[in-house]
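What follows is one structure encoded as structure tokens, with my remarks underneath.
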Ligand SMILES: [Zn+2]
């Protein structure tokens, strides 16, 4: 029996040993990166390894039809508090992205069990499947929340043309059972995820962890400026309808767009560009580019969309172009639940940890889980802001601080009294 629950801490040596052992599964011998893409042999081996750790910790281990691996500490009653993240990686990725949140969740449970804690409700460790997007991403979490359809299941393919269906069958999974992975309403009390930041903010501010307020909303457009392709030598500058000039004018105005219509969490990116005919001696007749816009506030997203449209039309008018906007997708922001944010803040206070509130620009399982439960996310710093690369790393001291934050929040939400 623990005398003082708030003094309970995780064992960083044990956590490190398990993260390093897991990180050796699927390691690329040439690049040193991690190749554990979803439903690969390495992905399944990683799941078996973590399943073994869960069993060794005395948890009831179960893999659902979507490949989500759960270790359940059957204690107390009512809905479970769930701690976890994903186990798959991008090709040539890092060993902390996703895996950290899974093993940290397990370590929190081990720390509680060893201390003789008795939570009022069950605690589960979750390792979701196919978060990184081989087949579109967040498949496991979508299966848990009942968002996977039979039609999608039968048609999803990866970039190489491999069907999700076949990838799962090769690993002995029955894809249709993913449709049964939905967790019944009211069986999860909260979902807590610890993840690497994958950006430079925490490291720059020197904080060991951050409490995420929500996942930014995002809208994707494809914009096409159309003018007239013509000879670059014979067409006078004032008589051109140069589509690239329209695009460049618009791009140059992005800081003004954000200043007028955006917020400090706005991110506007032109990441993919093509001009036609793309020949040195021809005035570009068309410019096609992606426009990806993020913000934490959907109202601000709407303002940015209107402002971007206005500016695109102005740039088109200035250069004698037509503009066509293909609005590909609109994903509203996904706020983390106030109860979970509060639990993380209380935990940070108890630990004397300076963990600032911050938004997440990247998507995570937590935003899908928010559809069925109170969901929250914390970040630990990424060294150099790097992830999705072999160099991805987080200092062990920060991992220790972040996992203790996760532990203390889990203790509050699981109703641990001693
Ligand atoms: Zn991740």
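Numbering (our numbering), first residue to last: 13 to 430. The C-beta atom is built at its ideal place from N, Cα and C for all residues, glycine as well.
Spatial neighbours of residue 31 in its own chain (CB-CB distance under 6 Å, excluding positions within 5 residues in sequence) are listed in chain order as 115. In terms of Cα proximity to residue 244, the closest of 294, 233, 271 is 294. Annotation: the continuous alpha helix (DSSP H) that includes residue 122 extends over 111-126.
For residue 411, the uninterrupted alpha helix (DSSP H) segment begins and ends at 408-425. For residue 229, the closest alpha carbon among the candidates 22, 417, 379, 26 is that of 379.
Taking the C-beta atoms as reference points, residue 210 is found nearer than 8 Å to residue 394. As computed with DSSP, residue 306 is found in a beta bridge with 230, 279. Boundaries of the beta strand (DSSP E) harbouring residue 338: 334-343, taken from the DSSP string. Straight-line measurement puts the Cα of residue 320 at about 30 Å from the Cα of residue 399.
The set of residues whose C-beta lies within less than 7 Å of a heavy atom of ligand 1 reads, in chain order, 97, 98, 109, 110, 143, 144, 207, 376. Per DSSP, the unbroken beta strand (DSSP E) holding residue 84 starts and ends at 81-85. Burial state of residue 408 is exposed, judged by a 10 Å Cβ sphere holding fewer than 16 other Cβ atoms.
Per DSSP, the beta-bridge partners of residue 72 are 84.
Between the C-alpha atoms of residue 335 and residue 239 there is a straight-line separation of about 9 Å. Nearest to residue 174 by C-alpha distance, out of 330, 312, 50, 112, is 50. Shown here for residue 169: same chain residues with a beta carbon closer than 8 Å to its own, the five before and five after excluded, namely 147, 175, 176 in chain order. Per DSSP, the continuous alpha helix (DSSP H) segment holding residue 262 begins and ends at 255-264.
If you draw a straight line from the Cα of residue 18 to the Cα of residue 353, it comes to about 18 Å. For residue 206, the enclosing beta strand (DSSP E) stretches over residues 200-208. Here DSSP, grouped into helix, strand and coil, assigns residue 58 to helix.
Shown here, residue 167 sits in a helix according to DSSP, grouped into three states.
Around the beta carbon of residue 285, fewer than 16 other beta carbons sit within 10 angstroms, so the residue counts as exposed. If you compare the alpha carbons of 122, 232, 423, 160 with that of residue 301, the shortest gap goes to 232. Apart from sequence neighbours up to five positions away, the residues of its chain that approach residue 427 with a beta-carbon distance below 8 Å are 88, 131, 132, 133, ordered along the chain. The C-alpha of residue 382 is placed about 30 Å away from the C-alpha of residue 68. Per DSSP, reduced to three states, the secondary structure at residue 324 is helical. Counting along the chain, residue 182 sits inside no beta strand (DSSP E); it lies in the alpha helix (DSSP H) bounded by residues 176-182.
The beta carbon of residue 65 lies closer than 7 Å to those of 30, 118 in the same chain, with the five residues before and after it left out. The C-beta distance from residue 374 to residue 204 rounds to 17 Å, too long to meet the 8 Å contact threshold. Annotated three-state conformation of residue 96 is strand, per DSSP. DSSP links residue 211 through a beta bridge to no other residue. Short of 8 Å from the beta carbon of residue 362, and not among the five residues preceding or following it, lie these beta carbons of its own chain, in chain order: 18, 420. Inclusion of residue 208 and residue 108 in the CB contact set at 8 Å is warranted, their separation being smaller than that value.
For residue 345, the closest alpha carbon among the candidates 252, 359, 313, 329 is that of 313. The C-beta of residue 42 has fewer than 16 other C-beta atoms within 10 Å across all chains shown, which makes the residue exposed.
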